[in-house]
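Shown next, in C-alpha coordinates, is the structure this report addresses.
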Amino acid sequence: MQRTMLKSKIHRATVTACDVDYVGSITIDTDLMRAADLLPNEQVHVWDIDNGARFVTYVLEGAPGSGSMQVNGAAALLVERGHKVIVASFATYDAAELATHDPAVVHVDAGNAIALVGSDAGVLMDSPLASAAGFERTGP
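For the sequence shown, the numbering used here begins at 1228 and goes up steadily by one.
In C-alpha coordinates:
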(Lines of atoms letter the chains of each structure in order from A and count residues from 1; the text may use other names and numbers.)
(Lines give C-alpha, C1' and ligand atoms only; values in the text may rest on other atoms or scores of the structure.)
Protein backbone atom coordinates (compact mmCIF):
# COMPACT_ATOMS: atom_id res chain seq x y z
CA MET A 1 0.00 0.00 0.00
CA GLN A 2 1.28 3.42 -0.91
CA ARG A 3 0.82 6.53 1.20
CA THR A 4 1.24 10.20 0.36
CA MET A 5 3.37 11.80 3.06
CA LEU A 6 5.08 15.10 3.80
CA LYS A 7 8.33 15.12 1.82
CA SER A 8 9.61 18.50 2.94
CA LYS A 9 8.70 21.91 4.22
CA ILE A 10 10.17 25.35 4.59
CA HIS A 11 8.73 26.74 7.82
CA ARG A 12 7.82 30.40 8.42
CA ALA A 13 9.60 31.91 5.41
CA THR A 14 9.02 35.59 4.76
CA VAL A 15 7.45 36.57 1.43
CA THR A 16 9.99 38.87 -0.24
CA ALA A 17 7.92 39.94 -3.26
CA CYS A 18 4.62 39.45 -5.05
CA ASP A 19 4.31 39.75 -8.82
CA VAL A 20 0.75 39.30 -10.07
CA ASP A 21 1.82 39.88 -13.70
CA TYR A 22 4.14 36.87 -13.68
CA VAL A 23 3.00 33.67 -15.38
CA GLY A 24 2.62 31.84 -12.06
CA SER A 25 4.57 29.92 -9.43
CA ILE A 26 6.72 30.68 -6.42
CA THR A 27 10.36 31.65 -6.83
CA ILE A 28 12.51 30.22 -4.03
CA ASP A 29 16.20 30.73 -3.22
CA THR A 30 17.99 27.64 -4.59
CA ASP A 31 19.78 27.12 -1.26
CA LEU A 32 16.37 26.72 0.39
CA MET A 33 15.23 24.48 -2.45
CA ARG A 34 18.23 22.21 -1.99
CA ALA A 35 17.79 22.02 1.81
CA ALA A 36 14.07 21.20 1.35
CA ASP A 37 14.72 18.67 -1.44
CA LEU A 38 12.70 20.70 -3.97
CA LEU A 39 13.21 20.58 -7.72
CA PRO A 40 12.34 23.23 -10.31
CA ASN A 41 8.70 22.86 -11.40
CA GLU A 42 7.86 20.65 -8.41
CA GLN A 43 4.35 21.07 -7.01
CA VAL A 44 4.17 22.72 -3.60
CA HIS A 45 1.45 23.80 -1.21
CA VAL A 46 1.82 27.29 0.25
CA TRP A 47 0.06 28.29 3.47
CA ASP A 48 -0.01 31.95 4.54
CA ILE A 49 0.35 32.13 8.32
CA ASP A 50 -0.84 35.76 8.46
CA ASN A 51 -4.18 35.38 6.70
CA GLY A 52 -4.82 31.64 6.32
CA ALA A 53 -4.72 31.66 2.49
CA ARG A 54 -3.70 28.33 0.96
CA PHE A 55 -2.75 27.55 -2.62
CA VAL A 56 -0.93 25.01 -4.78
CA THR A 57 1.69 26.08 -7.30
CA TYR A 58 5.11 25.05 -8.62
CA VAL A 59 8.66 26.09 -7.77
CA LEU A 60 11.02 28.23 -9.83
CA GLU A 61 14.68 28.71 -8.93
CA GLY A 62 15.70 31.97 -7.28
CA ALA A 63 19.24 33.25 -6.88
CA PRO A 64 21.23 31.27 -4.31
CA GLY A 65 21.73 33.13 -1.04
CA SER A 66 19.10 35.71 -1.98
CA GLY A 67 16.46 34.58 0.50
CA SER A 68 13.96 34.87 -2.35
CA MET A 69 10.41 33.77 -1.58
CA GLN A 70 8.46 35.50 -4.34
CA VAL A 71 4.84 34.59 -5.00
CA ASN A 72 3.91 35.03 -8.65
CA GLY A 73 0.78 35.12 -10.78
CA ALA A 74 -2.75 35.04 -9.38
CA ALA A 75 -1.51 33.63 -6.05
CA ALA A 76 0.26 36.96 -5.48
CA LEU A 77 -3.20 38.36 -4.71
CA LEU A 78 -3.46 35.97 -1.74
CA VAL A 79 -0.34 37.08 0.14
CA GLU A 80 1.60 40.25 0.86
CA ARG A 81 5.27 41.05 1.08
CA GLY A 82 6.36 40.40 4.67
CA HIS A 83 3.80 37.64 5.32
CA LYS A 84 5.07 34.40 6.81
CA VAL A 85 4.39 31.25 4.79
CA ILE A 86 4.93 27.52 5.01
CA VAL A 87 5.93 25.82 1.75
CA ALA A 88 5.29 22.06 1.77
CA SER A 89 5.85 19.24 -0.70
CA PHE A 90 4.42 15.74 -0.61
CA ALA A 91 5.40 12.43 -2.20
CA THR A 92 4.02 8.90 -2.40
CA TYR A 93 5.94 6.15 -0.64
CA ASP A 94 5.51 2.40 -0.46
CA ALA A 95 5.84 0.42 2.79
CA ALA A 96 9.56 -0.21 2.38
CA GLU A 97 10.26 3.47 1.75
CA LEU A 98 8.11 4.51 4.70
CA ALA A 99 10.28 2.46 7.03
CA THR A 100 13.15 4.90 6.49
CA HIS A 101 11.31 8.05 5.40
CA ASP A 102 11.99 11.30 7.21
CA PRO A 103 10.78 14.62 5.82
CA ALA A 104 13.21 17.50 5.34
CA VAL A 105 12.09 20.33 7.62
CA VAL A 106 13.84 23.66 7.03
CA HIS A 107 13.42 26.52 9.50
CA VAL A 108 14.55 29.94 8.34
CA ASP A 109 15.40 33.21 10.05
CA ALA A 110 13.80 36.61 9.34
CA GLY A 111 15.89 36.97 6.15
CA ASN A 112 15.04 33.46 4.91
CA ALA A 113 18.53 32.14 5.63
CA ILE A 114 18.56 28.52 6.76
CA ALA A 115 18.60 28.46 10.57
CA LEU A 116 17.76 24.87 11.44
CA VAL A 117 17.29 21.64 9.49
CA GLY A 118 15.76 18.43 10.78
CA SER A 119 13.03 15.89 10.16
CA ASP A 120 10.35 16.42 12.82
CA ALA A 121 7.57 18.48 11.25
CA GLY A 122 5.97 19.11 14.64
CA VAL A 123 8.92 20.82 16.35
CA LEU A 124 9.29 24.59 16.38
CA MET A 125 12.74 26.10 15.84
CA ASP A 126 13.05 27.70 19.29
CA SER A 127 11.60 24.74 21.15
CA PRO A 128 13.81 22.84 23.60
CA LEU A 129 12.65 19.75 21.69
CA ALA A 130 14.53 20.86 18.56
CA SER A 131 17.90 19.46 19.63
CA ALA A 132 16.28 16.32 21.04
CA ALA A 133 14.54 15.80 17.69
CA GLY A 134 17.86 15.84 15.84
CA PHE A 135 17.66 19.30 14.30
CA GLU A 136 20.96 20.80 13.23
CA ARG A 137 21.35 24.55 13.75
CA THR A 138 22.99 26.08 10.68
CA GLY A 139 22.65 29.77 11.52
CA PRO A 140 23.02 32.07 14.54
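The C-beta atom is built at its ideal place from N, Cα and C for all residues, glycine as well.
*When we look at the beta-carbon of A1337 and count the other beta-carbons within 10 Å, is it buried (16 or more) or exposed?*
exposed
*Could you spell out where the beta strand (DSSP E) holding R1230 opens and where it closes?*
1230–1241
*Spatial distance of V1344 from H1328 (CA atoms)*: Those two C-alpha atoms are separated by around 15 Å.
_Environment of V1271 [buried if 16+ CB atoms lie within 10 Å]_ = buried
*Alpha carbon to alpha carbon, how far is M1370 from D1248?*
As shown, the chain starts at 1228 and ends at 1367. That puts residue 1370 outside it, with no answer to give.
*Thinking C-alpha only, which one of L1325, G1309, M1260, P1330 is nearest D1277?*
G1309
*Assign D1275 to one of two classes, buried (16 or more other C-beta atoms within 10 Å of its C-beta) or exposed (fewer than that).*
buried
*Under 8 Å by Cβ, that's how I've got V1298 and H1238 pegged, so tell me the actual separation to the nearest angstrom.*
Their Cβ separation, rounded to whole angstroms, is 16 Å, which puts V1298 and H1238 out of contact at 8 Å.
_Excluding the 5 residues flanking L1259 on each side, which residues of the same chain have their C-beta closer than 6 Å to its C-beta?_
I1237
*So what does DSSP say about T1257, is it helix, strand or coil?*
helix
*Compute the Euclidean distance between the alpha carbons of S1235 and D1321, then round it to the nearest angstrom.*
17 Å
*Beta-bridge pairing of E1288 - partner residues as DSSP gives them*: I1255
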